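Input: a single structure, listed below in structure tokens.
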Amino acid sequence: MRAGFIGAGKVGFTLGKYLAMHGIEISGYYSRTPASAKEAAEFTQSRYYTSIEEITKDSDTLFLTVPDGAIGEIWDDMRNLPIKNKNICHCSGSIPSTVFFDAENRGAYRYSIHPLYAISSKATSYLDLGKACFTIEGSDAHLAELKALFSEMGNTVVAISPDSKALYHAAAVMVSNQIVALADMGTALLVKCGFSEAAAAEALSPLLLGNAQSVAEKGAVNALTGPIERGDAQTVSKHLQEIRKFAVESTVGQDILTAYTALSKQLIRIAQQKHPQKDYKHLEKELEQ
Numbered sequence: 018m019r020a021g022f023i024g025a026g027k028v029g030f031t032l033g034k035y036l037a038m039h040g041i042e043i044s045g046y047y048s049r050t051p052a053s054a055k056e057a058a059e060f061t062q063s064r065y066y067t068s069i070e071e072i073t074k075d076s077d078t079l080f081l082t083v084p085d086g087a088i089g090e091i092w093d094d095m096r097n098l099p100i101k102n103k104n105i106c107h108c109s110g111s112i113p114s115t116v117f118f119d120a121e122n123r124g125a126y127r128y129s130i131h132p133l134y135a136i137s138s139k140a141t142s143y144l145d146l147g148k149a150c151f152t153i154e155g156s157d158a159h160l161a162e163l164k165a166l167f168s169e170m171g172n173t174v175v176a177i178s179p180d181s182k183a184l185y186h187a188a189a190v191m192v193s194n195q196i197v198a199l200a201d202m203g204t205a206l207l208v209k210c211g212f213s214e215a216a217a218a219e220a221l222s223p224l225l226l227g228n229a230q231s232v233a234e235k236g237a238v239n240a241l242t243g244p245i246e247r248g249d250a251q252t253v254s255k256h257l258q259e260i261r262k263f264a265v266e267s268t269v270g271q272d273i274l275t276a277y278t279a280l281s282k283q284l285i286r287i288a289q290q291k292h293p294q295k296d297y298k299h300l301e302k303e304l305e306q
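Numbering (our numbering), first residue to last: 18 to 306.
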């Protein structure tokens, strides 16, 4: 494989360095911001290109590591180039490989290859990419070969359907992005109790990190603790009374009440899996009031 990258942001830096670390030849980078392409090329000991035509000619596999909205635009620039027998890949979590709508008619192969990992630093995220699960979908021709490539680097690789991309990405957003909203809601409740925002964030951090670790190690069912698992309707009732008061005062409080109720219902479902002999109907009634 000789991999070229169109786009030189965090994903391009990270994936390029990760592939290079595992002996994959990197042809280089093209970016609409030449300074970014130069920096990425230095980072991966490759070269930078000044045109899509050049990098396409020099690569057998091209990764479009650009914002989702730009993938179709770049494809429009590429599709009339000599791309026969080349792998055209993007790294979007939500967009299927069918964005390269006529790749196979032009003799190319289309793929979506997405690391299920929050890439936060273009300088260091490649060091932890070995822990990531990669999902892949696309043309049958080289699918097994690309799966094997990442499996041999130590990654878990899951092939998914193009039709599942949006749902798959929603799952990632819930666990990655929406946990930030949940933490912010918890912070708002502590601020209401008299904490400063900084103190609230510091106080909640061990709970957040500890539970994330527990879920990762044990799974959701075995990680569950707290009043829902215990069937403690009295405590849940007190929570709801106070959150309802907050909901009267602000839209944030209303959203917290909605989230608390919805998440508690899901926790009851998890608790029932953990303790199938236990009756949680009294808690369900409390949440419906």
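Virtual Cβ for every residue (Gly too), placed ideally from N, Cα, C. Given the structure is predicted, the values throughout are model-derived calculations rather than measurements.
Asked	Found
Assign R286 to one of two classes, buried (16 or more other C-beta atoms within 10 Å of its C-beta) or exposed (fewer than that).	exposed
Whether or not the stretch 141-151 and the stretch 119-127 are in contact is what I'm after, with contact meaning three or more pairs of Cβ atoms, one per stretch, closer than 8 Å; do they touch?	no
For I72 and R49, what's the separation of their Cα atoms in angstroms?	13 Å
Along the chain, where does the alpha helix (DSSP H) that runs through S68 open and close?	Where S68 is concerned, there is no enclosing alpha helix (DSSP H), given that its DSSP letter is neither H nor E.
Check each candidate in E59, F117 and I112 and name the one with the smallest Cα separation from A187.	I112
Are the beta-carbon atoms belonging to F167 and K209 less than 8 Å from one another?	no
To the nearest angstrom, how far is the alpha carbon of N102 from that of V190?	34 Å
Along the chain, where does the beta strand (DSSP E) containing N104 start, and where does it finish?	N104 to H107
Please state whether DSSP places L133 in a helix, a strand or coil.	strand
Grouping DSSP H, G and I as helix and E and B as strand, with all else coil, what is T152?	strand
Is the beta carbon of S142 sitting closer than 8 Å to the one on T31?	yes
May I have the straight-line CA-CA distance separating K255 from K182, to the nearest angstrom?	40 Å
Quick check on the DSSP output: the alpha helix (DSSP H) that includes A218 runs from which residue to which?	E214 to K235
Once you ignore the five residues that flank P51 on each side, which residues in its own chain have a CB closer than 8 Å to its CB?	Y65 and T67
So is L224 buried or exposed if we call it buried at 16+ other beta carbons inside 10 Å?	exposed
Report the three-state DSSP secondary structure of I43 (helix, strand or coil).	strand
The beta strand (DSSP E) with T50 in it runs from where to where?	Element bounds for T50: n/a, residue is neither H nor E.
Where does the unbroken alpha helix (DSSP H) through V197 begin, and where does it stop?	Q195 to K209
Short of 7 Å in beta carbon distance, which residues of its chain neighbour S109, apart from the five on each side in sequence? Order them along the chain.	D85, I88, S129 and H131
Looking at the unbroken alpha helix (DSSP H) that takes in I91, where does it start and where does it end?	D85 to M95
May I ask which residues mark the beginning and end of the alpha helix (DSSP H) holding L81?	From DSSP, L81 is part of no alpha helix (DSSP H) but of the beta strand (DSSP E) over T78 to L81.
Output needed for A250: all residues of its chain with C-beta closer than 6 Å, excluding positions within five of it in sequence on either side, in chain order.	H299, L300 and E303
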